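K.L.:
Residue numbers (this note's numbering): 194 to 307.
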């Protein structure tokens with residue numbers, strides 16, 4: 194009896210739950226599809242390696258050469274320069290100082306007091 198024809202008739206069963214389709218990832222900068230070979234993840238955001246740039250000078254960043262503040266990425270020299278220019282993270286990066294925000298809340302509380 195020839196068993197080869199019997200085994201040839203049987204097809205291999207594959208799991209239908211397995212799929213090569215994966216969710217497409219989108220670059221946080223350009224909002225285009227990021228493919229695995231160009232994928233870079235920083236602070237849980239996905240980028241093309243070419244799109245991961247300093248907000249101040251637009252220089253290309255790497256995972257070892259960036260500093261992040263409130264979702265914005267800077268090269269280390271500009272991060273330090275912007276911090277040193279005003280001596281705090283808020284003014285140096287173009288935001289209102291926390292003490293101004295506190296002062297406005299305190300004045301609101303004083304006017305609301307009976």
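Backbone N, C-alpha and C fix where the C-beta goes; we use that ideal spot for every residue, glycine too. None of the values given here were measured: they were computed from a predicted structure.
Could you pull out every residue in the same chain whose Cβ sits closer than 6 Å to the Cβ of residue 260, ignoring the five residues on either side in sequence?
P.N.:
Cβ neighbours of residue 260 within its own chain (closer than 6 Å, five residues either side excluded): 267, 269 and 272.
K.L.:
Any beta-carbon of chain D closer than 9 Å to the one on residue 257?
P.N.:
Of the protein chains in the structure, only one exists, and it is not chain D.
K.L.:
How long is the line joining the alpha carbons of residue 216 and residue 229, rounded to whole angstroms?
P.N.:
12 Å
K.L.:
How many Å lie between residue 277 and residue 262 at the Cα?
P.N.:
15 Å
K.L.:
Please report how far the alpha carbon of residue 242 lies from the alpha carbon of residue 250, in whole angstroms.
P.N.:
16 Å
K.L.:
What residues in its chain sit with their C-beta under 6 Å from that of residue 244, if we drop five residues either side in the sequence?
P.N.:
Once the five neighbours on either side are set aside, the close Cβ partners of residue 244 are 220, 222 and 223.
K.L.:
Sort 225, 218, 258 and 275 by Cα distance to residue 237 and report the nearest one.
P.N.:
218
K.L.:
Enumerate in chain order the residues of its own chain whose CB-to-CB distance from residue 258 is below 7 Å, with the five nearest sequence positions on each side excluded.
P.N.:
If the five residues before and after residue 258 are omitted, its C-beta is found closer than 7 Å to the C-beta atoms of 268 and 269, all from its own chain and listed in chain order.
K.L.:
Can you name the residues that DSSP bridges to residue 226?
P.N.:
219
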